[in-house]
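According to this note's numbering, the sequence shown is numbered sequentially starting from 27.
C-beta atoms are modelled at their ideal positions from N, C-alpha and C, and glycine is treated no differently.
In this text, all values refer to a predicted model and were calculated from it rather than measured experimentally.
What follows is one structure encoded as structure tokens, with my remarks underneath.
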Amino acid sequence: MTLSGAASGDVPDKSQPAVVAIIGGGVSGAATAFHLANAAATTAPNIAAPKIIVFEPRESLGKGLAYDTDEPAHRINVPAARMSLLSDDPEHFLRWIAEHAATAGDSDALRPDGALFPRRKVFGNYVNAMLQPLIASGAIEHRRTPVAHVLRDDARWLIIDGDGTETWADIVVIATSHPPPVAPGQLQAVLKDHPRFVPDPTRSGALAAIRPLDRVLVVGNGLTSADVIAALALKGHEGPITAISRRGLRSRGHAAVAQDPAGDFLAQPAFTALTLLKNIRAEIRQAALEGRTWHGVIDQVRAQGQALWQILPLVERQRIVRHLRPFWDVHRFRVAPQVEAALDAAIAQGRLEILSGSVAASRIEADAIHCTLRLRRSSATVKKTYDAVVVTTGPGHGGILASQPFLAELAQSGYLELDPTGLGLSCTRNSEAIGPVAGVTPSLLIAGPLARGTFGELMGLPQVTDHAVFVAEVIAKCLQTQTLQTAENLL
Numbered sequence: 027m028t029l030s031g032a033a034s035g036d037v038p039d040k041s042q043p044a045v046v047a048i049i050g051g052g053v054s055g056a057a058t059a060f061h062l063a064n065a066a067a068t069t070a071p072n073i074a075a076p077k078i079i080v081f082e083p084r085e086s087l088g089k090g091l092a093y094d095t096d097e098p099a100h101r102i103n104v105p106a107a108r109m110s111l112l113s114d115d116p117e118h119f120l121r122w123i124a125e126h127a128a129t130a131g132d133s134d135a136l137r138p139d140g141a142l143f144p145r146r147k148v149f150g151n152y153v154n155a156m157l158q159p160l161i162a163s164g165a166i167e168h169r170r171t172p173v174a175h176v177l178r179d180d181a182r183w184l185i186i187d188g189d190g191t192e193t194w195a196d197i198v199v200i201a202t203s204h205p206p207p208v209a210p211g212q213l214q215a216v217l218k219d220h221p222r223f224v225p226d227p228t229r230s231g232a233l234a235a236i237r238p239l240d241r242v243l244v245v246g247n248g249l250t251s252a253d254v255i256a257a258l259a260l261k262g263h264e265g266p267i268t269a270i271s272r273r274g275l276r277s278r279g280h281a282a283v284a285q286d287p288a289g290d291f292l293a294q295p296a297f298t299a300l301t302l303l304k305n306i307r308a309e310i311r312q313a314a315l316e317g318r319t320w321h322g323v324i325d326q327v328r329a330q331g332q333a334l335w336q337i338l339p340l341v342e343r344q345r346i347v348r349h350l351r352p353f354w355d356v357h358r359f360r361v362a363p364q365v366e367a368a369l370d371a372a373i374a375q376g377r378l379e380i381l382s383g384s385v386a387a388s389r390i391e392a393d394a395i396h397c398t399l400r401l402r403r404s405s406a407t408v409k410k411t412y413d414a415v416v417v418t419t420g421p422g423h424g425g426i427l428a429s430q431p432f433l434a435e436l437a438q439s440g441y442l443e444l445d446p447t448g449l450g451l452s453c454t455r456n457s458e459a460i461g462p463v464a465g466v467t468p469s470l471l472i473a474g475p476l477a478r479g480t481f482g483e484l485m486g487l488p489q490v491t492d493h494a495v496f497v498a499e500v501i502a503k504c505l506q507t508q509t510l511q512t513a514e515n516l517l
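Spelled out as structure tokens, the structure:
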């Protein structure tokens, strides 16, 4: 919806500082606000600092879906020494942990090799702590409410939040997360009322109904699946578990010995998905000859990932998403050692079975869930009975625009559309939203993983932090341009 020029809220006072509204206060939104509060003073020192408003219903900023968890089995997936809100100070989080004794009482956080893998909520607490001084000073305002509507009115935006409050903004940043997993239609229809059907395990207490000896089917086999299995083990679950996914790929762990990134994929870049795959495999073979594992090679691909992605034509990016993404995900997104140990123990005890296939049919009989599993590359099916089913199929990328009313509204009015790779929202290399009607809108930006379709590697914390710095700089420059234009109009 676009306003015709009149709105029910107060007319904005253009003599006031510019307003930047960030929708979503997880790591992406919080990091963008944090860096914007600093970038505004350095990039545009002659312009009044903008008013930064972060719309986030959670009590704290910086936690979002990933880090707003009290589950003790949920741990960060990379060592704390590589997690930081400051791109130029990678060990900042590690020092914060030491200064605040943030892992006190967690004897399993420190690994034998000296690497620290704290519980995930610790990182969320760290980001929130970094923002608190800025909130206290008034540089950032935290609005604990969801956004209901985002409407365009001439050169500004009118935001109507869940409380009905209207806020005018000069720039809007969409920093929301991907939608939760989408249960296969047949499972959703049959099991939706079953007490131990868990369509979204990221919800607090989602696994509480699963009993110690329950037979559990986990649909999906990535990081969330690993988290679920580790969490069940920590709760004392001893029943059998089947983890099924299309390819039956299990998330890998970290190298036994830390390795530096290896290889160079930009000197002679690949222009097709197949060539890129061949280059990666060749580098892994070379690493093996030198007594190294694949970890350093994948780390280098990740480090050069955004440049590699932008070199590839769209059709080749789509091929990667369609054919190679599952293999990339299980090597790129590694499980914490504590989680890997839980999976290894379950397999060694014969409690965890990993299958390649899909759920062909299911039915309920006296609370038991009878499933027919169709195995990959086979006409054979397997019939199994479970007491609980947990869906861990990953973010529902295709449902981004329908996941929140304001996103659907912006899409309807032509300001947003899905990226053609299907990974997020369409945007320019400046993170400016692209819509089918509006085209490029410089005052509507996409921050974080929803910009993944354009930027490629944008899921790991270092890339999210770097992107937040980048978006903050884009905003500061945009505000400077707006101010100069306003001054010229007044002359």
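In summary, F297 is exposed, with fewer than 16 beta-carbon neighbours lying within 10 Å of its beta-carbon over all protein chains present. Three or more beta-carbon pairs drawn from the segment 356 to 364 and the segment 271 to 291 are found closer than 8 angstroms, and the two stretches are therefore classed as touching. The shortest CA-to-CA distance from G265 to any of G289, G164, Q312 and G376 is the one to G376. According to the DSSP assignment, L177 belongs to the beta strand (DSSP E) that extends over V173 to D179. The beta carbon of P76 lies closer than 7 angstroms to those of P43, A44, V45, V46, A66 and L505 in the same chain, with the five residues before and after it left out. Between A201 and I49, the gap from beta carbon to beta carbon is short of 8 angstroms.
By the Cβ neighbour-count rule, S271 is buried, with 16 or more other Cβ atoms within 10 Å of its own.
Only buried fits S203, as 16 or more other CB atoms lie within 10 angstroms of its CB. Annotation for R137: F143 and P363 place their beta carbon closer than 7 angstroms to its own, counting only its chain and skipping 5 residues before and after.
For the segment 90 to 149, the continuous alpha helix (DSSP H) assignments of 4+ residues that do not extend past its boundaries occur at 90 to 93 and 118 to 126, in sequence order. If you look at V323, you'll find it in the alpha helix (DSSP H) that goes H321 to A329. Classified as buried, V327 has 16 or more neighbouring CB atoms from the shown chains inside 10 Å of its CB. In the structure shown, H349 falls within a helical segment according to DSSP collapsed to helix, strand and coil. H493 carries a helical assignment under DSSP once its states are collapsed to helix, strand and coil. By the Cβ criterion, the segment 387 to 399 is in contact with the segment 211 to 223, since at least three pairs of Cβ atoms, one from each stretch, lie closer than 8 angstroms. In the DSSP secondary-structure assignment, S439 is not bridged to any residue. As the crow flies, the alpha-carbon of G420 is around 8 angstroms from that of V208. Taking the C-beta atoms as reference points, A165 is found no nearer than 8 angstroms to G188. Counting only the Cα atoms, L451 lies some 8 angstroms from R478.
Secondary structure at D290: coil, using DSSP grouped into helix, strand and coil.
As for any beta strand (DSSP E) of minimum length 3 sitting wholly inside the segment 425 to 469, the runs are 458 to 461, ordered along the chain. L378 carries a strand assignment under DSSP once its states are collapsed to helix, strand and coil. The closest CA to that of V53, considering only V500, P339 and Q489, is found on Q489.
Under the three-state reduction of DSSP, D187 is assigned to strand. The way I'd put it, the segment 413 to 430 does touch the segment 246 to 264; three or more beta-carbon pairs between them come closer than 8 angstroms. Assignment of L233 by DSSP, reduced to helix, strand and coil, places it in the coil class. Taking all protein chains in view, the Cβ of V341 is surrounded by fewer than 16 other Cβ atoms within 10 Å, so the residue is classified as exposed.
In the three-state DSSP reduction, L62 falls in the helix class (H, G or I). Judged by pairs of C-beta atoms under 8 angstroms, the segment 430 to 446 touches the segment 462 to 472, as three or more such pairs exist. Counting along the chain, no alpha helix (DSSP H) covers E192; the unbroken beta strand (DSSP E) around it starts and ends at E192 to A195. Per DSSP, V216 is one residue of the alpha helix (DSSP H) stretching across G211 to L217.
Under DSSP, the beta-bridge partners assigned to E167 are I79. Within its own chain, the residues whose Cβ lies closer than 8 angstroms to the Cβ of Y441, once the five positions on either side in sequence are excluded, are R178, A459, G461, V463, A464, T467 and L470, listed in chain order.
If you look at S251, you'll find it in the alpha helix (DSSP H) that goes L249 to L260.
In the displayed model, L275 falls within coil according to three-state DSSP, outside both helix and strand.
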